[in-house]
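Remember, this note's numbering sits 13 above the position in the sequence shown when you count from 1.
Everything below concerns the one structure shown next.
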Amino acid sequence: MTPVDAAVYAQVATAVFPHARLRHARPLAGGISAQMVALDVALPDGRSRRLVVRQASTAAAEYRLLRQLQPLPVAAPVPLALDLSGALLPTPYLVLDYVAG
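Spelled out as structure tokens, the structure:
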């Protein structure tokens with residue numbers, strides 16, 4: 014696993030939730046086709062949120078598919094953001110709600 018640049022992931026978190034604060038970022042094992050990082054984020058209203066940043070060349074297609082699955086009765090993470098710009102991370106990425114398991 015590659016090390017995590019907390020400053021970059023703090024910017025990712027605030028891009029999704031303005032004024033949020035990154036508490037912790039850690040790489041997730043097991044992603045063969047994608048690099049994944051779990052984020053623990055403190056929201057301005059005091060709540061916490063767990064997110065996953067999934068970097069993959071297929072991020073746009075994955076984002077669209079997950080959006081289409083949301084109204085259906087299937088267990089799928091909620092897609093929160095998609096970034097294809099390469100401004101923060103070198104590969105396209107999507108941000109998802111964390112799903113345990």
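A virtual CB, placed ideally from N, CA and C, is assigned to each residue, including glycine.
It should be emphasised that the depicted structure is a prediction, and the values quoted were computed from it without experimental measurement.
Test item: CB-CB of residue i and residue j under 8 Å
{"i": "Tyr106", "j": "Val54", "result": "no"}
{"i": "Ala94", "j": "Ala28", "result": "yes"}
{"i": "Leu78", "j": "Pro90", "result": "no"}
{"i": "Leu52", "j": "Tyr76", "result": "no"}
Residue environment, residue i, which counts as buried when at least 16 other CB atoms sit within 10 Å
{"i": "Ala20", "result": "exposed"}
{"i": "Val112", "result": "exposed"}
{"i": "Ala47", "result": "buried"}
{"i": "Ala2", "result": "No information on residue 2 is available, as it lies outside the stretch 14 to 114 that the chain covers here."}
Rounded straight-line distance, which links the Cα of residue j to that of residue i
{"i": "Met49", "j": "Val25", "result": "13 Å"}
{"i": "Ala100", "j": "Gly43", "result": "25 Å"}
{"i": "Leu97", "j": "Arg36", "result": "25 Å"}
{"i": "Gln83", "j": "Arg39", "result": "26 Å"}
{"i": "Pro86", "j": "Pro92", "result": "16 Å"}
{"i": "Gln81", "j": "Val108", "result": "16 Å"}
{"i": "Leu41", "j": "Thr71", "result": "18 Å"}
{"i": "Leu102", "j": "Val17", "result": "11 Å"}
{"i": "Ala88", "j": "Arg62", "result": "18 Å"}
{"i": "Gly114", "j": "Leu64", "result": "14 Å"}
{"i": "Thr104", "j": "Asp110", "result": "19 Å"}
Short CB-CB distance (under 8 Å) between residue i and chain C
{"i": "Leu85", "result": "Of the chains in the structure shown, none is chain C; there is only one protein chain."}
Inset, instruction - Count the C-beta pairs between the region 54 to 64 and the region 29 to 39 that are closer than 8 Å, then say yes if the count reaches three, no if not. - result: yes
Legend entry - Ordered list of beta strand (DSSP E) runs contained in the region 25 to 51, each at least 3 residues: 34 to 41
Legend entry - Ordered list of beta strand (DSSP E) runs contained in the region 59 to 109, each at least 3 residues: 61 to 68 and 92 to 96
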